[in-house]
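Numbering (this note's numbering), first residue to last: 10 to 348. Everything on this sheet refers to the single structure shown next.
In structure tokens form, the structure reads like this:
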């Protein structure tokens, strides 16, 4: 799969990477939905599954240009550039808005997921007993996951590697939130907050010529955890891409129906009018609530009351839907890729 992109297309691809990175960090939201709606999901999966034996042979034989072309390196490079930048910029901004305008953020994401369901299903004409069953099973799994209780944090490196493999599911499987899975595994704060902050602080120290962090055992441990998590993520990304590429080729209708089911199931996770408490740390220890229990992700769903805030939230839901429709419109204009 090759594509010819103009400079604006490349800029938009980086922006899409920013959106995927931000979405992947938000519990309940899937970066894969961004890829699906923006029209580059199949190219994304195809490019990742090109990281195979042939690619490694080209790389280790020093044929770097051939390797880069073989894996669709321009596409992956721009996309991952956006994701990396997102983790140190957009996602930080998103954290601020979730802390201060949580209702409106979840409302926007809720609208985007509604728009995604419309986008994926509107041209799907293969509804039958099998695909409807796949849709229902996907929705049940998505809803069921949202009600699971989080585990305790575990920084064992083998478990961290496993978390890396699982966390990328949100990038490769739309509607399946990798960050929410990390919450259930108990390692969301460790892997997407503490370790990322440790890397950010380390980069800042290096630029200022301060290498005292090398003597900081906690910092070095966090960097080791992040490295193992990244290795697991890359492993999972390549592995899932090969599996999904095969499934999409041989069972495309069932796969699409299941994806729609996952996305429908994820609506409960991002329902705007819920009480949300994140597992957090203070001085290396869990923050406890008034009963002495660990503060974890907690869902107490309730219906909104008629108020100005509620009407504004509904407006943000509409905005989320419009964002997806806008991405769809842009994707239709630029989708010139042939498999």
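We put the CB at the ideal spot given by N, CA and C, even for glycine.
Is the beta carbon of residue i sitting closer than 7 Å to the one on residue j?
| i | j | result |
| --- | --- | --- |
| residue 92 | residue 41 | no |
| residue 226 | residue 196 | no |
| residue 327 | residue 140 | no |
| residue 187 | residue 176 | yes |
| residue 246 | residue 57 | yes |
| residue 79 | residue 67 | yes |
| residue 98 | residue 46 | no |
| residue 114 | residue 106 | yes |
| residue 275 | residue 151 | yes |
| residue 332 | residue 121 | yes |
| residue 32 | residue 38 | yes |
| residue 219 | residue 135 | no |
| residue 330 | residue 103 | no |
| residue 146 | residue 193 | no |
| residue 199 | residue 34 | no |
| residue 181 | residue 249 | yes |
| residue 213 | residue 232 | no |
| residue 64 | residue 43 | no |
| residue 281 | residue 130 | no |
State the DSSP-derived secondary structure class of residue i, mapped to helix, strand or coil.
| i | result |
| --- | --- |
| residue 134 | coil |
| residue 283 | strand |
| residue 267 | helix |
| residue 278 | coil |
| residue 331 | helix |
| residue 309 | Bear in mind that the predicted position of residue 309 carries a pLDDT of just 45, short of 50, making it too unreliable to give a figure here. |
| residue 314 | coil |
| residue 177 | coil |
| residue 262 | helix |
| residue 196 | coil |
| residue 186 | coil |
| residue 156 | coil |
| residue 338 | helix |
| residue 272 | helix |
Does chain B have any CB closer than 7 Å to the CB of residue i?
| i | result |
| --- | --- |
| residue 281 | No chain B appears in the structure shown, which is made up of a single protein chain. |
* Asked: Whole alpha helix (DSSP H) runs in the stretch 12-71 with 4 or more residues, listed along the chain?
  -> 16-34, 40-47, 50-58, 62-69
**Asked** What residue ranges within the stretch 69-118 form continuous alpha helix (DSSP H) runs of no fewer than 4 residues, ordered along the chain?
**Response** 73-79, 82-97, 99-109
Pairs of beta-carbons, one from the stretch 238-254 and one from the stretch 269-276, closer than 8 Å: are there three or more?
no
Please specify which runs of the alpha helix (DSSP H), each continuous and at least 4 residues long, are wholly inside the stretch 199-253, giving them in chain order. 204-216
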